[in-house]
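Worksheet: the structure to be examined is printed underneath.
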Amino acid sequence: MCGRFSQSYTWQQIHAFSNPLTLAQGRGNFQPRYNIAPTTTVDIIVPSETGRDLISARWWLVPAWWKKSLREIASTFNARVETVDSSAMFRDAFKRRRCIVPASGFFEWTGPKTDRVPHYFSAADGGLLGIAGLWDQWTNPEGDVVTSCTMIVRDANEWTAKYHDRMPSFLQPDQFDAWLSGGADKDILRQQPPQLQEWIVSKQVNKTGQGDDDPSTVEPIEVPAA
């Protein structure tokens, strides 16, 4: 699964990645984040009347029909491609509210539970990654509207399977419109992923929120010889 990732880019970079793109009204300057965890706020790209908007969403999808408290909702920060169109938690959003989660990179871990080693993955060409996602809006008992999202994950390919059995479903920029419009079926989520690069990073990312504002979080570290 994908349970930690980073978003670090300028307006020029994200606009070039997804053009046309409009910034949501009232949105402040971009603050790079290097260790994003579920339930925190992330950037997502959604379709709009002007093309596409970049908005903020809570990374843990809450469907519009949810009647209980947030504490009672199951894990929804990832949606499996195999069941994304049939699961009660995701099927409505799959039909009508799709998004793209822009990412600078993501993390996976290897090793025993007592000594987990974090690996950072990013695009080999240094560009941004587009992760297929879903979003929805839920109104809590106090009347506040909560915008939330999930990332779609699939079976890992041969290269990433060395680190984890799942990986994000990536989209290329020329596939964004087909995905966001709802016209594309699940086959688009199983396309060949972009070429990735990987390196080991500091174990400070093992703690939720640790190093979120520190660029060294995603820098490679030297690994002592065995």
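Just remember that the working numbering sits 3 ahead of the position in the sequence shown, which is counted from 1. Just so you know, even glycine gets a beta-carbon here, dropped at the ideal spot from N, CA and C.
| Asked | Found |
| --- | --- |
| Distance, Ser107 Cα to Asp95 Cα | 28 Å |
| Cutoff 7 Å; reference Thr220; Cβ partners in own chain excluding five residues on either side | Tyr37, Asn38, Val204, Ser205, Gln207, Val208, Gly214 |
| CB of Phe124 within 7 Å of CB of Glu201, strictly | yes |
| N-terminal and C-terminal residue of the beta strand (DSSP E) that Ala135 is part of | 132–142 |
| Which residues DSSP lists as bridging Val87, in chain order | According to DSSP, Val87 bridges with nothing at all. |
| Asn82 classed as buried or exposed, judged by whether at least 16 other C-beta atoms fall within 10 angstroms | Reading off the sequence shown, one finds Ala at residue 82, where the question assumed Asn. Buried. |
| Per-residue burial, Val87 [other beta carbons within 10 Å of its own, 16 or more giving buried] | buried |
| In DSSP terms, what Asn38 is bridged to | Asn38 is not bridged to any residue. |
| 8 Å Cβ shell around Gln34 - same chain, five flanking residues per side excluded | Asp216 |
| C-beta contact flag for Thr153 and Leu137 at 7 Å | yes |
| Touching by the beta-carbon criterion (3+ pairs, under 8 Å), the region 129–143 and the region 60–77 | yes |
| Alpha carbon of Asp118 to alpha carbon of Pro105, nearest angstrom | 30 Å |
| Whether Gln198 touches Ala91 by CB criterion (7 Å) | no |
| With 16 other Cβ atoms within 10 Å as the buried cut-off, status of Thr113 | exposed |
| Assigned secondary structure, Pro223 (DSSP; H/G/I helix, E/B strand, else coil) | coil |
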